[in-house]
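*Asks:* The structure that follows is given in the form of structure tokens.
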Amino acid sequence: MSPAKIALKALHRHFTVFHRYYRTACDKGTVRSIHQLRTNARRFRNALKTYSLLFDKAAVKRFNRLLQMTAREASQLRDLDVYLFFLQDYKSKLRSDVQRQSIRDLLADLRRQRAALQPAVSRALRKYAARLSADKVVGVLERKMKKADAEVAHTMMDIFHRRVEKSTHHLLAYNVIVPYPEKKTELHEMRKCAKHLRYTLEGIRPYFDVRLELYIGRVYFFHKILGDIHDCDVWLDMLSRYRAAYKMNSDMGNSLNVLYNYLKKVRDSRYRIFVQRWHRALQSRHFEEMLEFVYAHH
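Number 174 in my numbering belongs to position 77 of the sequence shown; there are no gaps in the numbering.
Okay, structure coming up:
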């Protein structure tokens with residue numbers, strides 16, 4: 098199968114998964130559909146960038162923009178869903194009736210915020226859906242597909258090498274801040290670098306053998322745990338604003354203080370695991386071996 102046909106098949110598979118969640122995301126905004134829509138919009142967008150050499154630049158740029166806006170809209174609901182899920186789990190562990198009631202009130206407030214956002218997000222997603230139908234995207238790409246000869250295939254592999262190397266170096270550049278858990282902004286950027294590397298590896302998956310899955314899995318771990326740490330940071334900032342609105346000797350104020358301290362412990366625990374696994378990856382030369390594996394494919 099030619100490189101172009103492999104790319105088109107991979108893009109079709111990506112878009113089928115992406116489009117599967119569009120209807121429920123637009124209509125109901127369920128937690129799973131919103132999360133999957135956002136994740137798969139980013140995956141599809143990254144795959145388009147990875148294979149952009151094979152397609153008309155204007156078409157790739159147009160679809161990339163629509164996918165970016167789709168992910169951005171879905172993110173508004175996804176962030177609230179993370180907080181709601183966390184609070185539901187946290188409430189189930191509480192023994193104090195007073196604290197449980199305070200968390201119920203907080204949950205109710207967050208649900209009102211989500212309900213208020215849902216109509217605007219649904220309208221935006223429907224608008225993008227009309228311009229991102231499965232037939233339209235894949236059909237346009239197939240019509241705009243360039244002739245891929247042996248030279249193009251070689252150039253594509255060079256692009257894959259450069260993209261993986263660049264993403265890896267961007268991630269490793271943040272190694273200097275790993276000992277400093279207070280570096281919230283830098284850790285957030287490190288999370289984004291891990292995400293880009295993960296999606297880049299997933300994008301080139303059709304051209305490599307199954308050993309690539311090992312490297313994808315390890316990078317996914319860092320993307321996920323840095324995401325957990327970032328969620329804690331955002332949630333702690335939000336809780337600080339809630340705490341400022343209540344007297345600390347009130348039931349809600351006391352409950353928020355307990356929640357804040359609990360969340361700090363969760364963050365500290367996740368951070369310790371991250372640091373341990375990060376140092377283990379460096380000591381085992383994980384990233385060097387990953388680059389050697391990718392460069393071994395010509």
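By construction, the Cβ of each residue, glycine as well, lies at the ideal position given by its N, Cα and C atoms.
Grouping DSSP H, G and I as helix and E and B as strand, with all else coil, what is Tyr-271?
*Replies:* helix
*Asks:* Taking all protein chains shown into account, decide if Phe-182 is buried (16 or more other Cβ within 10 angstroms of its Cβ) or exposed.
*Replies:* exposed
*Asks:* How would you write the range of the alpha helix (DSSP H) that His-394 sits in, first residue to last?
*Replies:* Here His-394 belongs to no alpha helix (DSSP H), and DSSP marks it neither H nor E.
*Asks:* Taking just the CA atoms, how far does Lys-263 sit from Trp-375?
*Replies:* Between Trp-375 and Lys-263, the C-alpha separation is close to 19 angstroms.
*Asks:* Using the beta-carbon count (16 or more within 10 Å), is Pro-100 buried or exposed?
*Replies:* buried
*Asks:* Determine the direct distance from the alpha carbon of Ser-172 to that of Asn-358, and round the result to whole angstroms.
*Replies:* 26 angstroms
*Asks:* Given that a residue counts as buried once 16 or more other Cβ atoms are within 10 Å of its Cβ, and exposed if not, what is Thr-265?
*Replies:* buried
*Asks:* Would Ile-326 and Tyr-368 qualify as a contact pair, given that the criterion is a beta-carbon distance under 8 angstroms?
*Replies:* Remark: C-beta atoms of Ile-326 and Tyr-368 approach each other more closely than 8 angstroms.
*Asks:* How would you call Leu-298, buried or exposed, if buried means at least 16 neighbouring beta carbons within 10 angstroms?
*Replies:* buried
*Asks:* Could you pull out every residue in the same chain whose Cβ sits closer than 8 angstroms to the Cβ of Arg-274, ignoring the five residues on either side in sequence?
*Replies:* Looking at the sequence provided, one finds Ile at residue 274 rather than Arg. The answer, listed in chain order, is Lys-280, Glu-283, Leu-284, Met-287.
*Asks:* For His-394, which of Ala-217, Ile-256, Gln-196, Arg-140 has the nearest alpha-carbon?
*Replies:* Taking only the C-alpha atoms, the option nearest His-394 is Ile-256.
*Asks:* Judging by CA-CA distance, which residue of Thr-113, Leu-105, Ala-217, Val-391 is the nearest neighbour of Arg-259?
*Replies:* Scanning Thr-113, Leu-105, Ala-217, Val-391 for the CA closest to the CA of Arg-259 turns up Val-391.
*Asks:* On the DSSP letters alone, give me the boundaries of the alpha helix (DSSP H) that Phe-160 sits inside.
*Replies:* 154 to 190
*Asks:* Compare the C-alpha of Gln-185 against each of Leu-203, Cys-123, Leu-174 and name the closest.
*Replies:* From the listed residues Leu-203, Cys-123, Leu-174, the smallest Cα separation to Gln-185 is found for Leu-203.
*Asks:* Using DSSP with H/G/I as helix, E/B as strand and the rest coil, what is Val-307?
*Replies:* coil
*Asks:* Output needed for Thr-167: all residues of its chain with C-beta closer than 6 angstroms, excluding positions within five of it in sequence on either side, in chain order.
*Replies:* Ala-138, Tyr-225
*Asks:* The alpha helix (DSSP H) with Lys-106 in it runs from where to where?
*Replies:* 100 to 117
*Asks:* When the Cα atoms are used, what is the spatial distance from His-267 to Ser-381?
*Replies:* 19 angstroms
*Asks:* Just to confirm the assignment, what range does the alpha helix (DSSP H) spanning Val-297 have?
*Replies:* Contrary to the premise, residue 297 reads as Thr rather than Val in this sequence. Segment 281 to 301, the alpha helix (DSSP H) holding Thr-297.
*Asks:* Below 7 angstroms CB to CB, which residues in the same chain sit around Ala-291 once its five sequence neighbours on both sides are set aside?
*Replies:* Leu-268, Val-316, Phe-319, His-320, Leu-323
*Asks:* Between Phe-305, Thr-147, Ser-219, which lies nearest to Tyr-296 when the distance is taken from Cα to Cα?
*Replies:* Thr-147
*Asks:* Ala-342 by DSSP, collapsed to three states: which one?
*Replies:* Ala-342: coil per DSSP, three-state reduction.
*Asks:* Compute the Euclidean distance between the alpha carbons of Val-237 and Leu-191, then round it to the nearest angstrom.
*Replies:* 54 angstroms
*Asks:* I'd like the span of the alpha helix (DSSP H) that includes Thr-127, first residue to last.
*Replies:* Run containing Thr-127: none; DSSP gives neither H nor E here.
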